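A quick write-up on the structure given underneath.
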Amino acid sequence: MCIDNLMNYPGENEACSEVQSLEDIIDTIIENNTEDDSEDDTMSLEHVTRKETLMASNTLHNFMIQYKNTTPELLDAIRKVRDELQIDLNFKEKQITIELYFNRV
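Oh and the sequence shown: position 81 is 103 in the numbering used here, straight run, nothing missing.
Right, dumping it as structure tokens:
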């Protein structure tokens with residue numbers, strides 16, 4: 023084998039001399055993205071009730087109280103979320119008229 027062929031491999035020069043146009047590069051990327059979209063491996067989320075969310079926020083609040091580096095602002099933010107969940111849970115009942123309310127009482 024000739025040393026010139028070893029140093030300047032002919033197939034190597036051909037591959038490097040090919041320069042793709044911007045459109046070809048974009049088309050290649052779009053093709054790869056559509057192939058990735060066809061392999062949908064997402065999981066459906068299960069429904070979480072307000073009561074479960076409220077219990078989770080209480081657990082988070084209790085954990086953050088025990089954690090050393092917790093700031094009061096973070097505890098206040100967790101408390102506000104918990105209060106909003108509690109208010110939402112309390113007013114989840116069906117709305118009735120005043121007459122029906124006083125008839126039950």
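Every residue, glycine too, gets a C-beta built ideally from N, C-alpha and C. Note that this is a predicted model, so its numbers are computed, not measured.
Taking only the alpha-carbon atoms, compute the straight-line gap between residue i and residue j and give it to the nearest angstrom.
i, j, result
"Lys102", "Ile120", "31 Å"
"Asp98", "Ile47", "51 Å"
"Asn91", "Asn80", "18 Å"
"Pro94", "Val70", "28 Å"
"Glu74", "Asn84", "15 Å"
"Thr50", "Ser43", "11 Å"
"Gln108", "Asn54", "47 Å"
"Val41", "Leu67", "45 Å"
"Gln88", "Asn112", "28 Å"
"Met65", "Phe124", "48 Å"
"Glu45", "Ile52", "10 Å"
Would residue i and residue j be called neighbours here (beta carbons separated by less than 8 Å)?
i, j, result
"Asp105", "Arg72", "no"
"Leu76", "Met86", "no"
In three-state DSSP terms, what is residue i?
i, result
"Glu121", "helix"
"His69", "coil"
"Ser43", "coil"
"Lys90", "coil"
"Thr50", "helix"
Could you round the C-beta distance between residue i and residue j to whole angstroms and report it? I think they count as a contact, below 8 Å.
i, j, result
"Leu122", "Ile100", "About 37 Å; that fails the 8 Å criterion."
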